[in-house]
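Trainee: Quick note on this note's numbering: the sequence shown kicks off at 12 and runs consecutively. Pasting in a structure now, in structure tokens, and then I'll have a few things to ask.
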Amino acid sequence: NILNLQRSWYFTQASAIDPRARSLPMPDSLMGKLLQFVVAHEIGHTIGLQHDQIGSSTYPADSVRSPTWVARMGHSPSIMDYSRFNYVAQPEDNIPLEHIIPRVGPYDRYAIMWGYKPIPGARTSEQERPTLEQWSRMQDTIPWYRFSAGNEFGGYGTLNEAVGDADPIKSTGLGFRNLQRVVGYIPGAATRPGEDNADLRELYDRTVQQWSTEAGHVATMVGGGTVQYKSGSQPGAVYAPMPAARQAAAVRFLNENVFITPKYLIRPDIASRIEAGGMINRVNAAQVRVLNMLFDDGRMNRLLEQEALGRERQYVYPLATMLDDVRGGVWSELRDARPVMDPYRRELQMDFLSIIDRKLNPPETPAQVVFFPGQPRPTPLSDDAKSQLRGELTTLNALIARAVARTTDRASQLHLQGAMHRIEQILDPD
Numbered sequence: 012n013i014l015n016l017q018r019s020w021y022f023t024q025a026s027a028i029d030p031r032a033r034s035l036p037m038p039d040s041l042m043g044k045l046l047q048f049v050v051a052h053e054i055g056h057t058i059g060l061q062h063d064q065i066g067s068s069t070y071p072a073d074s075v076r077s078p079t080w081v082a083r084m085g086h087s088p089s090i091m092d093y094s095r096f097n098y099v100a101q102p103e104d105n106i107p108l109e110h111i112i113p114r115v116g117p118y119d120r121y122a123i124m125w126g127y128k129p130i131p132g133a134r135t136s137e138q139e140r141p142t143l144e145q146w147s148r149m150q151d152t153i154p155w156y157r158f159s160a161g162n163e164f165g166g167y168g169t170l171n172e173a174v175g176d177a178d179p180i181k182s183t184g185l186g187f188r189n190l191q192r193v194v195g196y197i198p199g200a201a202t203r204p205g206e207d208n209a210d211l212r213e214l215y216d217r218t219v220q221q222w223s224t225e226a227g228h229v230a231t232m233v234g235g236g237t238v239q240y241k242s243g244s245q246p247g248a249v250y251a252p253m254p255a256a257r258q259a260a261a262v263r264f265l266n267e268n269v270f271i272t273p274k275y276l277i278r279p280d281i282a283s284r285i286e287a288g289g290m291i292n293r294v295n296a297a298q299v300r301v302l303n304m305l306f307d308d309g310r311m312n313r314l315l316e317q318e319a320l321g322r323e324r325q326y327v328y329p330l331a332t333m334l335d336d337v338r339g340g341v342w343s344e345l346r347d348a349r350p351v352m353d354p355y356r357r358e359l360q361m362d363f364l365s366i367i368d369r370k371l372n373p374p375e376t377p378a379q380v381v382f383f384p385g386q387p388r389p390t391p392l393s394d395d396a397k398s399q400l401r402g403e404l405t406t407l408n409a410l411i412a413r414a415v416a417r418t419t420d421r422a423s424q425l426h427l428q429g430a431m432h433r434i435e436q437i438l439d440p441d
């Protein structure tokens with residue numbers, strides 16, 4: 012149901028700045044605008060435009076908070092991007108409501124020019140080349156004319172529902188501020204006399220999913236970089252890695268804002284109306300989705316490769332350092348004088364071990380995966396990366412052994428003892 016999907020997206024991404032979204036059903040005038048945006052996107056495909064997934068990563072977060080910028084440029088350079096709605100803008104920015112929804116942007120006009128504008132005097136494709144070369148060079152100085160439909164660098168800049176992702180840390184931080192507002196609007200929007208709680212469940216689940224999606228944009232910075240397709244006459248690299256300092260900052264943000272329990276998402280007043288239990292699993296699943304992204308095989312392999320290629324030091328974020336940083340965040344209580352883990356943290360920490368277990372001891376018969384023609388096969392995790400994961404478990408086991416003796420909390424003590432047993436099983440599965 013496309014209307015229901017648009018309604019849920021708009022609520023989670025725009026209700027912080029658009030009061031019309033805070034009650035259901037939304038006005039027909041608003042729903043018509045949401046449907047218009049979807050139709051315009053699909054019409055773009057009929058004239059040959061592909062998904063421009065890199066578009067949102069070319070606009071700074073500060074720009075999409077500017078009323079003058081979004082009036083002139085939109086909050087994404089392309090309606091063919093999957094940026095959805097402007098979730099970065101804050102209530103105090105006073106963005107006009109008509110500029111929250113995607114529209115045809117500068118990239119779309121550039122792509123249509125490339126595909127359809129006549130080149131006077133050119134009678135053959137060879138005669139068109141000089142003009143096309145000039146047009147391609149425009150991308151050197153105008154980043155929002157660049158294009159990427161693939162999943163280069165593990166998705167950096169090409170993920171769904173990204174806005175202002177030239178700096179994913181800033182845009183996600185702003186998005187989280189809005190989600191803290193949005194979760195408070197759910198009961199008022201979805202609870203109506205004579206109706207069941209289906210809308211309440213849907214809006215709550217969609218809000219938690221949106222939180223996880225925005226967090227994932229930050230995770231793609233690790234082992235990530237920028238992409239600019241170039242012709243043979245254009246100098247410089249097509250793929251440029253992310254500076255190491257930005258990658259480390261991404262992990263730090265995730266440790267402080269994602270792997271620490273997001274208490275504002277925990278709403279017993281909502282949960283008690285839609286389920287007998289499941290809050291821990293709901294929050295945990297959102298966190299684990301991000302943790303899985305950090306431990307993606309391709310991402311870890313890229314970190315090793317960037318280190319092996321001997322690039323400038325400022326671009327090398329060693330895999331060993333990344334693993335240490337993530338472990339330090341997920342298991343931060345081990346540094347406390349009296350370690351205490353709440354149920355959410357205990358669940359996340361055991362999932363940390365489960366993820367590594369699947370990397371080191373994959374099932375003998377992996378699930379069947381269907382690949383479409385031309386779709387690249389994923390590269391398996393390197394043996395070097397597996398060795399570093401084993402080393403990480405050995406280090407973690409020693410830290411847990413020291414922490415067990417210091418904790419006085421019974422649940423935490425049992426949890427740590429269970430974690431040590433699990434590590435032994437992972438390192439010696441036989």
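Even for Gly, the Cβ is constructed at its ideal location relative to N, Cα and C.
Determine the direct distance from the alpha carbon of residue 94 to that of residue 66, and round the result to whole angstroms.
Mentor: Rounded to whole angstroms, residue 66 to residue 94 spans 8 angstroms at the Cα level.
Trainee: Of the choices 27, 17, 73, 24, whose alpha-carbon is the least far from that of residue 50?
Mentor: With distances taken between Cα atoms, residue 50 lies closest to 17.
Trainee: On the three-state DSSP scale, how would you describe residue 250?
Mentor: strand
Trainee: Following the continuous beta strand (DSSP E) through residue 339, name the residue where it begins and the one where it ends.
Mentor: Where residue 339 is concerned, there is no enclosing beta strand (DSSP E), although the alpha helix (DSSP H) it sits in stretches over 330-341.
Trainee: Whose C-beta lies closer than 7 angstroms to the C-beta of residue 208 among residues of the same chain, with five residues either side of it excluded?
Mentor: Hits under 7 angstroms: 284, 285.
Trainee: Confirm, please, whether the CB-CB distance from residue 392 to residue 312 is below 8 angstroms.
Mentor: yes
Trainee: Extract the residue ranges of the alpha helix (DSSP H) inside the stretch 192-268, only unbroken runs of 4 or more that lie entirely within it.
Mentor: Taking only runs of at least 4 residues, the alpha helix (DSSP H) segments lying wholly in the stretch 192-268 are 209-230, 255-268.
Trainee: With residue 432 as the anchor, note down where its alpha helix (DSSP H) starts and where it stops.
Mentor: 421-438
Trainee: Within the continuous alpha helix (DSSP H) that includes residue 299, where are the two ends?
Mentor: 290-305
Trainee: Am I right that residue 235 and residue 251 are in contact with their C-beta atoms under 8 angstroms? What's the rounded C-beta distance?
Mentor: Contact flag wrong, Cβ pair sits at about 10 angstroms.
Trainee: Quick one: residues in its chain with C-beta nearer than 7 angstroms to the C-beta of residue 423, no 5 flanking neighbours on either side, listed in chain order?
Mentor: 350, 351, 352
Trainee: Flag this pair as touching only if the stretch 101-111 and the stretch 75-85 have three or more C-beta atom pairs under 8 angstroms; answer yes or no.
Mentor: yes
Trainee: Residue 265 and residue 230 look like a contact to me (Cβ under 8 angstroms); what is the Cβ gap, rounded to whole Å?
Mentor: With 8 angstroms as the limit, residue 265 and residue 230 qualify as a contact, their Cβ atoms being about 6 angstroms apart.
Trainee: At which residues does the alpha helix (DSSP H) containing residue 21 begin and terminate?
Mentor: 13-25
Trainee: Kindly confirm or deny that the stretch 199-213 and the stretch 290-306 touch, where touching means at least three C-beta pairs closer than 8 angstroms.
Mentor: Contact annotation: the stretch 199-213 does not touch the stretch 290-306, with fewer than three C-beta pairs closer than 8 angstroms.
Trainee: With DSSP collapsed to three states, give me the class of residue 48.
Mentor: helix
Trainee: Would you mind giving the Cβ-Cβ distance between residue 222 and residue 276, rounded to the nearest angstrom? I have them listed as a contact below 8 angstroms.
Mentor: With a Cβ gap of about 6 angstroms, residue 222 and residue 276 count as contacting.
Trainee: Based on Cα-Cα distance, which residue from 58, 88, 226 lies nearest to residue 64?
Mentor: 88
Trainee: Return the chain-ordered list of same chain residues with a C-beta closer than 7 angstroms to the C-beta of residue 371, the five sequence neighbours on each side being excluded.
Mentor: Cβ neighbours of residue 371 beyond the five flanking positions: 397, 400, 401, 437.
Trainee: What residues in its chain sit with their C-beta under 7 angstroms from that of residue 99, if we drop five residues either side in the sequence?
Mentor: 72, 75, 76, 174, 175, 182, 185, 186
Trainee: Throw me the rounded Cβ distance for the residue 7 and residue 157 pair, which I believe falls under 8 angstroms.
Mentor: Residue 7 lies beyond the residue range present for the chain, which begins at 12 and ends at 441; the question has no answer from this structure.
Trainee: Going by DSSP in three states, residue 28 sits in which element: helix, strand or coil?
Mentor: Here residue 28 sits in coil by DSSP.
Trainee: Report all residues from its chain with a CB closer than 6 angstroms to the CB of residue 171; omit the five preceding and five following residues, and keep chain order.
Mentor: Reliability fails at residue 171, whose pLDDT of 49 lies under 50, so the model's placement of it is uncertain and no value is given.
Trainee: Report yes if the C-beta distance between residue 407 and residue 338 is below 8 angstroms; otherwise report no.
Mentor: yes
Trainee: As a quick exercise: from 326, 272, 310, pick the residue whose alpha carbon is nearest that of residue 342.
Mentor: 272
Trainee: So what's residue 400 in DSSP terms, helix, strand or just coil?
Mentor: helix
Trainee: Do you know offhand how far residue 114's Cα is from residue 194's?
Mentor: 27 angstroms
Trainee: What did DSSP end up calling residue 84 once you bin it into helix, strand or coil?
Mentor: helix
Trainee: Our contact map puts residue 308 next to residue 198 with C-beta atoms below 8 angstroms; I'd like the distance itself, whole angstroms only.
Mentor: That belief does not hold up - the Cβ atoms of residue 308 and residue 198 are roughly 41 angstroms apart, past 8 angstroms.
Trainee: Looking only at its own chain, which residues have a Cβ that is under 8 angstroms from the Cβ of residue 261, when we skip the five neighbours before and after it?
Mentor: 179, 180, 229, 230, 232, 233
Trainee: Starting from the N-terminal side, write out each stretch of the beta strand (DSSP E) that is 3 residues or longer and does not extend beyond the stretch 122-147.
Mentor: none
Trainee: Give me, in chain order, the residues of the same chain whose beta-carbon lies closer than 6 angstroms to that of residue 48; leave out the 5 immediate sequence neighbours on both sides.
Mentor: Result list for residue 48: 112, 113, in chain order.
Trainee: Cβ of residue 442 within 8 angstroms of Cβ of residue 314?
Mentor: Past the boundaries of the shown model lies residue 442; the chain is included only from 12 to 441, so the question cannot be answered.
Trainee: Starting from residue 363, trace the alpha helix (DSSP H) in both directions and tell me its first and last residue.
Mentor: 354-371
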